[in-house]
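In this note's numbering, the protein residues as written are 336 to 606.
Have a look at the structure below, then the notes.
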């Protein structure tokens, strides 16, 4: 899908839904890689640089393939092997995470040059500004093209809401990162897991709805705590995933537990 001259959406398989993601091609720069191996192979001749917004499997699973074909890969974090990523993202269920990452998402070991928000990925025809957004992970970056088109990665505006299930995730930082987007004037937003949205009013409405999940989840968790629920009972109640864990349930329970605990700690601190 053409978004502007030289700027194209590479839609991920299954509409970019997890474990795939949408990618953005800006001239010969590709942002993220998990559109599906077949779709990535189809555009290998169109990019020479790949930059990852962050290294979750549903964004980085094609990095090894790009590297295999001689593309320059950039990563915001030095952990790039599957085992390193498992220890970082899910240390308590590392073996299951590795199984999922390899067999469900297609992640393989890769290497890459480190970048930070000071790196210039601009192309001949397009200015590319990096926006570091903490909270989802410690290193996620968004990419603003010519001040108008924002590739928003996992500020994905899906009905599920914000995700902050890794040990390093921080819902309060994530909330502030999302709120910071109101300070920019982009008119097209390209989330990783849904179709692009055009028009400032529509974008701001979706951002506000996305933010509302933080408070709604906290209200439910606070109510359950007030009824004497333990952490285990709250996770079983599933206020975040809504009980929708058809596969990889142990991993999803681990992530939900992490998110619940982060809310509980905030509530206890407030009280």
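Just so you know, even glycine gets a beta-carbon here, dropped at the ideal spot from N, CA and C.
Distance between residue 362 and residue 544 (C-alpha atoms, nearest Å): Each residue's Cα considered, the two are about 32 Å apart.
Is residue 548 near residue 496, with beta carbons less than 9 Å apart? The answer is yes: Cβ separation under 9 Å.
Are residue 374 and residue 406 closer than 9 Å when you measure CB to CB? The answer is no: Cβ separation not under 9 Å.
Helix, strand or coil, according to DSSP, for residue 487 in the structure here? Residue 487 falls in the strand class under three-state DSSP.
For residue 395, report the span of its alpha helix (DSSP H) as first-last. Residue 395 -> alpha helix (DSSP H) spans 392-395.
Do the CB positions of residue 435 and residue 392 come within less than 9 Å of each other? For residue 435 and residue 392, yes; Cβs fall inside 9 Å.
Please report the Cβ distance between residue 528 and residue 382, rounded to the nearest whole angstrom; I am assuming they are in contact, meaning their Cβ atoms lie under 8 Å. Wrong, their Cβ atoms sit about 21 Å apart, outside the cutoff.
Flag this pair as touching only if the segment 422-436 and the segment 578-590 have three or more C-beta atom pairs under 8 Å; answer yes or no. By the criterion of at least three beta-carbon pairs nearer than 8 Å, the segment 422-436 is in contact with the segment 578-590.
Along the chain, where does the beta strand (DSSP E) containing residue 384 start, and where does it finish? Start and end: 384-386.
Could you give the first and the last residue of the continuous beta strand (DSSP E) run that contains residue 343? 342-345 is the extent of the beta strand (DSSP E) around residue 343.
Rounded to whole angstroms, what's the CA-CA distance from residue 356 to residue 376? Just pull it up for me. Rounded to whole angstroms, the gap between the alpha carbons of residue 356 and residue 376 is 15 Å.
Does residue 336 pass the burial test, meaning 16 or more other C-beta atoms within 10 Å, or should it be called exposed? If you draw a 10 Å sphere on the C-beta of residue 336, you find fewer than 16 other C-beta atoms in it, and that means exposed.
Proximity below 9 Å, CB of residue 297 to CB of residue 524: Residue coverage of the chain in this structure runs from 336 to 606, which leaves residue 297 outside it and unanswerable.
On the premise that residue 526 lies in contact with residue 609, defined as a C-beta separation below 8 Å, what is that separation, rounded to the nearest angstrom? Past the edges of the chain, shown from 336 to 606, lies residue 609, and the structure says nothing about it.
Cross-strand partners of residue 533 (DSSP beta bridge): Per DSSP, 523.
Please name the residue in 460, 446, 532 whose C-alpha comes closest to that of residue 340. Ranking 460, 446, 532 by Cα distance to residue 340 puts 460 first.
Could you name each continuous beta strand (DSSP E) segment of 3 residues or more that falls completely within the segment 397-479, going from the start of the chain to the end? List check, beta strand (DSSP E) in window: 407-410, 463-467.
Cut-off 7 Å between Cβ atoms - residues of its own chain near residue 424, not counting five sequence neighbours on either side: When the five nearest sequence neighbours on each side are left out, the beta carbons in the same chain lying within less than 7 Å of the beta carbon of residue 424 are those of 432, 501, in order along the chain.
How about residue 471 and residue 448: do their beta carbons lie closer than 9 Å? Cβ atoms of residue 471 and residue 448: not closer than 9 Å.
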